[in-house]
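Numbering-wise, my numbering comes out as the position in the sequence shown, counting from 1, plus 7.
No residue lacks a Cβ here, since even glycine has one placed at the ideal position from N, Cα and C.
All values reported here derive from a predicted model rather than from experimental measurement.
First up is the structure itself, then whatever we jot down about it.
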Amino acid sequence: MLQTTKRPDSPVSIIGAGIAGAWQALLFAQAGHAVTLHERGDEAMTDATSHWAGGMLAPYCEAEIAEPIISRLGLRSLDLWRRELPDTPFNGSLVVAHPRERNDFERFARMTEHHRRLDAAGLAALEPSLEGRFRDALFFPAEGHVEPRRVLPKLHERIKAAGGTIKFCSDVTANELDGIVIDCRGLGARDEQPELRGVKGEMILIETDEVQLARPVRLIHPRWPLYVIPRENDLFMLGATSIEAEDTGVSVRSALELLGAAYTVHPAFGEARIVEFGSGLRPAFPDNLPRIGIRDRKISVNGLYRHGFLIAPALAELTLAYVERGQIDNEVMQCA
Ligand SMILES: Cc1cc2nc3c(=O)[nH]c(=O)nc-3n(C[C@H](O)[C@H](O)[C@H](O)COP(=O)(O)OP(=O)(O)OC[C@H]3O[C@@H](n4cnc5c(N)ncnc54)[C@H](O)[C@@H]3O)c2cc1C
């Protein structure tokens, strides 16, 4: 039987101001709850995995490797991004491959939906910088992307505007907090969820004004898959490796592969200035699926793995529906 747990007078504390916690705080504050968001780092958020992310909102491309639940949460999240931050770019995504990777490209096309095939002229019309670079491309028009380092502060501002409080440099545990507690600590929650692991993702930020892109471009490659995401001010993020390791930093091999693959997308990237090397650890459960864990008034939202920006809004909506109406989503929620 569903049980309503709403206590209108009860405060809601959220731990962790990464993308998971930020969306929880925003939707709960907007719904009229007395929200406090605790973050142990400072406003720069460099300790959060979210700081290092690409920020692609790509439910259709991700369907190549992800479970259907990711598409379901991702599609709902696109609506929420549009609703809460209407200036989010929804310019779509492009997928390209060199002739040698033809079979992998065709496989990607078969494994995914909601794309249009562009010939070389169509690709050049969409992205003039890529003229003559590829014979064809897959265009996923409904996908979007955000710039994590700009969107996190925006979400934090929205939380405050909705009446929430954010406490940076506030390292807390759920037990010391009253009311409903939503634990969004990512890998920091391993003290209570030891099955969490970090999956390392390395990225490189480069700068050039010789290439202009309006949307993320994915290069299919069996060993060096790459995406190039345009950022403001002539910056491009090159990403990302996926390595079962928890050390930080970027290896020479990964740097060579990411930079080499980018050079094959456009030779002008060879002249670009390297601005930053970085890496983050994606918080993942053994099945790589997200989980909302419920124990009394303690809720944990974790395991967002490589889809935090894609699915955090929908996870927040589900958590709110549980707290306000006792609604259970059997695919994502686990009740103790
Ligand atoms: C290179 C790379 C590229 C990626 N690209 C994409 C992409 O394109 N699209 C996408 O959807 N996802 C992407 N991801 C995945 C995405 O970044 C993660 O899924 C997401 O950041 C996880 O968010 P989170 O809020 O759960 O964790 P985090 O962002 O790590 O946030 C957890 C926060 O909790 C805080 N915290 C921990 N303990 C405490 C405590 N005791 N008290 C207070 N605060 C605490 C931490 O300081 C941290 O700020 C990428 C990841 C990487 C590494």
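Using 8 Å as the threshold, is the C-beta distance between residue i and residue j below it?
i: R140; j: E214; result: no
i: A196; j: S307; result: yes
i: S78; j: A70; result: yes
i: I299; j: L80; result: no
i: G205; j: E283; result: no
i: L220; j: S136; result: yes
i: R186; j: R304; result: With the sequence shown as reference, residue 186 is identified as Gly, and Arg is not the correct amino acid for it. In this structure, R304 lies closer than 8 Å to G186 by Cβ.
i: L5; j: A127; result: The requested residue 5 is not part of the displayed model; the chain covers only 8 to 343.
i: L327; j: A38; result: yes
i: H353; j: T271; result: This structure cannot settle anything about residue 353, because the visible part of the chain is limited to 8 through 343.
i: P223; j: M340; result: no
i: E217; j: L34; result: no
i: T95; j: G151; result: yes
i: R289; j: V102; result: no
i: A321; j: S84; result: yes
i: E209; j: V257; result: yes
i: L265; j: L233; result: yes
i: S20; j: L184; result: yes
i: G25; j: G246; result: no
i: E108; j: P229; result: yes
i: D349; j: L125; result: Given a span of 8 to 343 for the chain in the structure shown, any question on residue 349 remains unanswerable.
i: T43; j: K174; result: yes
i: L296; j: I76; result: yes
i: S261; j: P155; result: no
i: F97; j: H121; result: no
i: C176; j: G23; result: no
i: I236; j: M244; result: yes
i: N309; j: L203; result: yes
i: A60; j: G287; result: yes
i: L92; j: K167; result: no
Can you tell me where the beta strand (DSSP E) with residue i in it begins and where it stops?
i: I350; result: This structure gives no information on residue 350, because the portion of the chain shown stretches from 8 to 343.
i: E338; result: Counting along the chain, E338 falls outside any beta strand (DSSP E), and DSSP gives it neither H nor E.
i: P160; result: That residue, P160, is in no beta strand (DSSP E); its alpha helix (DSSP H) goes P155 to A168.
i: L242; result: L242 to G246
i: G208; result: R204 to E214
i: T172; result: T172 to K174
i: P237; result: L233 to P237
i: T250; result: Thr is not the amino acid found at residue 250; the sequence shown has Ile there. Element bounds for I250: n/a, residue is neither H nor E.
i: N309; result: K305 to N309
i: G256; result: No beta strand (DSSP E) holds G256; DSSP gives it neither H nor E.
Following the continuous alpha helix (DSSP H) through residue i, name the residue where it begins and the one where it ends.
i: S84; result: P75 to E91
i: E50; result: Note, E50: premise wrong, no alpha helix (DSSP H); not H, not E.
i: G129; result: A127 to L133
i: N110; result: R109 to M118
i: A319; result: G315 to R332
According to DSSP, which residues form a beta bridge with residue i?
i: I21; result: L44 and I189
i: A144; result: L125
i: H152; result: M63
i: G99; result: In DSSP, G99 forms no bridge with anything.
i: V224; result: L101 and V235
i: R230; result: DSSP, once it has assigned bridges, lists no residue as partnering R230.
i: I301; result: I306 and C342
Any beta carbon from chain E within less than 8 Å of residue i's own beta carbon?
i: L133; result: Checking the listed chains, one finds no chain E in this structure; it contains a single protein chain.
*Which ranges does the beta strand (DSSP E) cover as unbroken runs of at least 3 residues, wholly within the region 261 to 294, from first to last along the chain?*
280 to 291
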